[in-house]
Amino acid sequence: ELRKVHRKSCHRTSSRTTKKEEEEEEEEEEEEEEEEEEEDLINLNEYVERAKEIMNCQGQLSKPTLRRLQSVLQPELFMADAFVTYSKRLKILQFLMAINTNYSYRVIRAGLFDVYIRLYTRVRVTITPIASWLRLLSILLATTAAGLYARSHKDMYNKHDITVTYILFFSTALLELISSVTLCRLFFPLAVWPATDRRNQMVEQQSVIWCAARMTKKPNCLLWLSACIYCDALVNQRWYIKQTPSMDRIFEAVKHHVIFYGWSKYIKSAASYRRFNCMRGQLALKKFLPGSAKDHPAASKHLLVVGNSLSIPFDESVLLWHIATEIWFHHQTRTSNDDNTSLDSAVPLGLEISRYMMYLFTSQPEMLMPGTRSHLFANACDDITFMAKYSDIVGHSITLAQAAQQLAKGILHTARHRWVYGDCVGPLIPKACELADALIFFMEELLDHSTLEKMVRDVWVEMLCYTASRCGGYLHAVSLGSGIEPLTLVWFSQCYLGMETMADRLQRPVPEPEKEEEKTQGAQDSNKE
1359 ELRKVHRKSC
1369 HRTSSRTTKK
1379 EEEEEEEEEE
1389 EEEEEEEEED
1399 LINLNEYVER
1409 AKEIMNCQGQ
1419 LSKPTLRRLQ
1429 SVLQPELFMA
1439 DAFVTYSKRL
1449 KILQFLMAIN
1459 TNYSYRVIRA
1469 GLFDVYIRLY
1479 TRVRVTITPI
1489 ASWLRLLSIL
1499 LATTAAGLYA
1509 RSHKDMYNKH
1519 DITVTYILFF
1529 STALLELISS
1539 VTLCRLFFPL
1549 AVWPATDRRN
1559 QMVEQQSVIW
1569 CAARMTKKPN
1579 CLLWLSACIY
1589 CDALVNQRWY
1599 IKQTPSMDRI
1609 FEAVKHHVIF
1619 YGWSKYIKSA
1629 ASYRRFNCMR
1639 GQLALKKFLP
1649 GSAKDHPAAS
1659 KHLLVVGNSL
1669 SIPFDESVLL
1679 WHIATEIWFH
1689 HQTRTSNDDN
1699 TSLDSAVPLG
1709 LEISRYMMYL
1719 FTSQPEMLMP
1729 GTRSHLFANA
1739 CDDITFMAKY
1749 SDIVGHSITL
1759 AQAAQQLAKG
1769 ILHTARHRWV
1779 YGDCVGPLIP
1789 KACELADALI
1799 FFMEELLDHS
1809 TLEKMVRDVW
1819 VEMLCYTASR
1829 CGGYLHAVSL
1839 GSGIEPLTLV
1849 WFSQCYLGME
1859 TMADRLQRPV
1869 PEPEKEEEKT
1879 QGAQDSNKE
């Protein structure tokens, strides 16, 4: 009887809990249906207001709420350049703000990995019950055939035919077994080795100064052979690519830029939201350069140079800032004659992003920006090599790092005397040297070293976010075939953090030209008065 009473009480409590769970699920479903009905009613202004409310609410969410928000993550929609509704993007933003930075980095990488599985593998098909039974059956049939052939009588057959048949049977069984083990390891990894994690953090690096310094030194065997067939410049750009483990640092800088400087400070309306997505370094200059700099007698010229460097075409601006950043970095480092001098010693994050942008400039210009003129890199390298004739490089026996450092300082000194090279050099390198002079002036007169380093880093973060948002989802999906590109990670982070996508930019309503003409005429009339 006690057992019966106990069973009845357990049944009542379980039925109560199930009823409560069912009621909670029904309430959540009703809320989701109401939100889905309101999806089409949310415009950009309401989206910005709700996103700022999410930023102000720092409370922790319950696990069921996190699971419900995580179910909204659909990375394939962003890859297809589909228009994701503002309500879904608010849920994604709320989910990312409720978790820490390390876990959000893992969530974004998991989303990219899921897209890779959908596009480049057949995992979704092979994990079905029918496919699993067929794979098990194929392994059993292959091993059974190999075993039966091993136990059969083969005296009457040729020895070479027997050997070939053995190879066919056992290699087939081995391939079936390896494919099954690989599939199991894909979903049930045994361990994450540090080397594997470090490999996933690698960011490619390229530099104009490196290429020019390599051309000024005595060529090695590879460059000598490539020069014989007139492709030494191509080998110099594509073969000598270095790597540095800084992808997680780039993600943290992008997330801090979007959340802290974007949603928390700059973005206040739909217009400021669009302006923030079009920043190419202007916000960083406004943040760090003091307003009193205009009163400095020599600062107005340098401020004009820095401002004009961001108003030219984007590919020229990237190359200009890259050369100036390299010259500024080598100017602040001490001259060293040690053989242990490395190209990667104490490199700031801004310079690493700059060198990664040069890798995109030379190897994947279509991802940097549609219409990128990749020949500007080769022209700049030739101009620097020509100017190196008038710089003080010790000789061919020095290391590449020492040659790059001396070359950066040498072209800065040569550019200050235009009569030396005349019209033999294009306008890009002298403008880059003027920008480098401005950065050096800011470091010596207006800002300290750490503040200027932060300013340069934020300029490059804005440029990286700008070029990532202008690259189509199709190109990001294609790049996943060879691994996760850092630019794809930045673009995916921006999409999850609520920034403007290409679909938003294409769907944006264009103002009528008549209204714009009326505004310009009204402004001109007011100026005349």
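Note that my numbering numbers the sequence shown so that position 236 is 1594, with each residue one more than the last.
C-beta atoms are modelled at their ideal positions from N, C-alpha and C, and glycine is treated no differently.
In this text, all values refer to a predicted model and were calculated from it rather than measured experimentally.
Three or more pairs of CB atoms, one per stretch, sit closer than 8 Å, so the region 1706-1722 contacts the region 1810-1826. Counting along the chain, the unbroken alpha helix (DSSP H) around Met1573 starts and ends at Val1566 to Thr1574. Looking from the CA of Val1481, the closest CA among Ser1538, Tyr1507 and Tyr1444 belongs to Ser1538. Separation of Ala1438 and Gly1831 (C-alpha to C-alpha, rounded to the nearest whole angstrom) is 6 Å. As the crow flies, the alpha-carbon of Ala1657 is around 9 Å from that of Leu1804. Pairwise C-beta distances place the region 1523-1540 out of contact with the region 1721-1730, as fewer than three of them are shorter than 8 Å. For the set Ala1591, Ser1490 and Leu1662, the Cα lying nearest the Cα of Ala1738 is the one of Ala1591.
Under the three-state reduction of DSSP, Pro1433 is assigned to helix. Under the 8 Å Cβ criterion, the region 1619-1632 does not count as touching the region 1757-1765, having fewer than three qualifying pairs. A contact between stretches requires three or more CB pairs, one per stretch, nearer than 8 Å, and the region 1768-1788 fails this requirement with the region 1629-1648.
By the neighbour-count criterion, in which 16 or more other beta carbons inside 10 Å mark a residue as buried, Phe1618 falls on the exposed side. Here the C-alpha atom of Pro1671 lies approximately 16 Å from the C-alpha atom of Met1725. Cα atoms of Ile1497 and Val1483: separation of roughly 18 Å, rounded to the nearest angstrom.
The beta-bridge partner set that DSSP reports for Met1560 consists of Pro1603. Exposure of Asn1460 is indicated by the presence of fewer than 16 other C-beta atoms within 10 angstroms of its C-beta. For Leu1580 and Gln1595, the gap between their C-alpha atoms comes out near 13 Å. If you check the CB distance, Leu1847 and Met1637 do not come in under 8 Å. Remark: C-beta atoms of Asp1795 and Met1727 do not approach each other more closely than 8 Å. Setting aside the 5 residues that flank it on each side, Glu1434 is surrounded in the same chain by Val1473 and Arg1476, each with a C-beta closer than 7 Å to its C-beta; the list follows chain order. Membership of Leu1668 in any alpha helix (DSSP H) is not indicated, and neither H nor E is assigned to it by DSSP. Spatial neighbours of Arg1774 in its own chain (CB-CB distance under 7 Å, excluding positions within 5 residues in sequence) are not present. Within the same chain, and ignoring the five residues on either side of Val1663 in sequence, the residues whose Cβ sits closer than 7 Å to its Cβ are Glu1792, Leu1793 and Ala1796.
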